[in-house]
Amino acid sequence: MARARLATSATAGTPRSRVRGAAATAPPRDRAPALGWLGRYLANTRDPATSALAVLPLVLLYGVGIAFASEHARSGVDIVSPPLRASLSRHGYLAVQLGLAAVIAGWAAWRLRGAFTGRLALTAPIVAESSLYGVTLGGVILFVLDKAHLLAVAAGASATSSPLFDRAVAASGSGLYEELLFRLLLLTLVGVALQRAFNVPRWLGVSAAIALSSLVFAAAHHIAGEPLDLYAFAYRTVAGTIFAGLFLARGFAVAAWTHAAYDFYVMG
1 MARARLATSA
11 TAGTPRSRVR
21 GAAATAPPRD
31 RAPALGWLGR
41 YLANTRDPAT
51 SALAVLPLVL
61 LYGVGIAFAS
71 EHARSGVDIV
81 SPPLRASLSR
91 HGYLAVQLGL
101 AAVIAGWAAW
111 RLRGAFTGRL
121 ALTAPIVAES
131 SLYGVTLGGV
141 ILFVLDKAHL
151 LAVAAGASAT
161 SSPLFDRAVA
171 ASGSGLYEEL
181 LFRLLLLTLV
191 GVALQRAFNV
201 PRWLGVSAAI
211 ALSSLVFAAA
221 HHIAGEPLDL
231 YAFAYRTVAG
241 TIFAGLFLAR
251 GFAVAAWTHA
261 AYDFYVMG
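Taking this note's numbering, the leading residue of the sequence shown gets 1, the next gets one more, and so forth.
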């Protein structure tokens, strides 16, 4: 009883705002659900700072690689790299990309603090998990299209073979930029806007956001110059819906790496 009173008196004089502030700035702790390591992995890999660390290889592979790859490797939704490359020397452009990666790593280190090393170690299992999803998705889609005699549709503009390095750069750019634009930004903004502005139920707002972002994702490939094809539009809408589900269930990093693995597989 005496210890309880001492503990109560020690915290009674602490303003609630200070307690809330300390909690808000504390580094995230590893969660320990009932599933043990797997549960902690599933929970921690959805953390934004952990996702930022996990996509750093994609940032570097695309950002640096695009300076050495052919023009065909550039992502269709990348509107940042072309003006940078046009206005800077190669060394200047590479310095900007390395600086961007350093900023991302620095923010993640500040956000995670003591958990930084452990969360960084999750990058390898995230890549392995995502590669499994991407190759499985690519294999299923190619099998279905082959049986339907529509395999050429899946290849689209990338039907011609590309060097391995160009494929890797193009896939990393697609995974990073398309998931950033269509899932992290568009899906999230539409879902939040529908729920707050129109007070729709959460499930309806999320469903509408998935549908809209997937349709825009499919349409963007044709806006970029590829001829409109109903089957290509339909299969990309389905793929976009799957990526959206992965984004919501497993976070940005898994969605981005899955998209990159999928593109690399189907471009082969």
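Every residue gets a Cβ at the ideal spot worked out from N, C-alpha and C, and that includes glycine.
Query: Out of Val96, Gly39, Ala109 and Thr123, point me to the one whose CA is closest to Tyr256's CA.; Result: One detail in the question is off: residue 256 reads as Ala in this sequence, not Tyr. It is Thr123.
Query: If you measure from the beta carbon of His91 to each beta carbon in chain D, is any gap under 8 Å?; Result: In the structure shown, chain D cannot be found, because there is only a single protein chain.
Query: Three-state secondary structure (DSSP) at Pro227?; Result: coil
Query: Can you find the residues in the same chain that come closer than 8 Å, C-beta to C-beta, to Ala246, ignoring five residues on each side of it along the sequence?; Result: For the sequence presented, residue 246 should be read as Leu rather than Ala. Same-chain partners within the cutoff: Tyr133, Val254, Ala255 and Thr258.
Query: If you run the structure through DSSP and keep just helix, strand and coil, what is Leu60?; Result: helix
Query: So, helix, strand or coil for Asp47, using DSSP?; Result: coil
Query: Which residues in the same chain as Arg202 place their Cβ atom closer than 7 Å to its Cβ, once the five residues preceding and following it in sequence are excluded?; Result: Gln195
Query: Which full runs of the beta strand (DSSP E) of 3+ residues lie inside the stretch 201-266, going along the chain?; Result: none
Query: Taking 8 Å as the cut-off, decide whether the C-beta atoms of Glu179 and Val77 are in contact.; Result: no
Query: Can at least three beta-carbon pairs, one atom from the stretch 214-228 and one from the stretch 90-110, be found at a separation below 8 Å?; Result: no
Query: Can you tell me where the alpha helix (DSSP H) with Arg196 in it begins and where it stops?; Result: Thr188 to Ala197
Query: Can you name, in chain order, every residue of its own chain whose Cβ lies under 7 Å from the Cβ of Ile242, other than the five neighbours on each side?; Result: Leu137
Query: Under DSSP, the alpha helix (DSSP H) around Ser282 begins and ends at which residues?; Result: Absent from the model: residue 282. The displayed extent of the chain is 1 to 268, so no value can be given.
Query: Tell me, to the nearest whole angstrom, how far the beta carbon of Phe217 is from that of Phe182; I am working on the premise that it is less than 8 Å.; Result: 4 Å
Query: Have a look at Ala109 and Ala170 and give me their C-alpha separation to the nearest angstrom.; Result: 28 Å
Query: Where Ile233 and Gly114 are concerned, what is the direct C-alpha to C-alpha distance, given to the nearest angstrom?; Result: Checking the sequence shown, residue 233 turns out to be Phe, not Ile. About 46 Å.
Query: Grab me the residues of Ile126's own chain with a C-beta within less than 8 Å of its C-beta, minus the 5 sequence neighbours each way, in chain order.; Result: Thr45, Ala54, Ala253, Val254 and Trp257
Query: Along the alpha helix (DSSP H) that carries Gly76, what are the first and last residues, could you check?; Result: From DSSP, Gly76 is part of no alpha helix (DSSP H); its letter is neither H nor E.
Query: Can you look up Val103 in the DSSP assignment and give me helix, strand or coil?; Result: helix
Query: State the CB to CB distance for the pair Ala260 and Ser172, rounded to an integer number of angstroms; the pair is presumed to be in contact (CB under 8 Å).; Result: 5 Å
Query: Are Tyr235 and Leu142 close, meaning C-beta to C-beta below 8 Å?; Result: no
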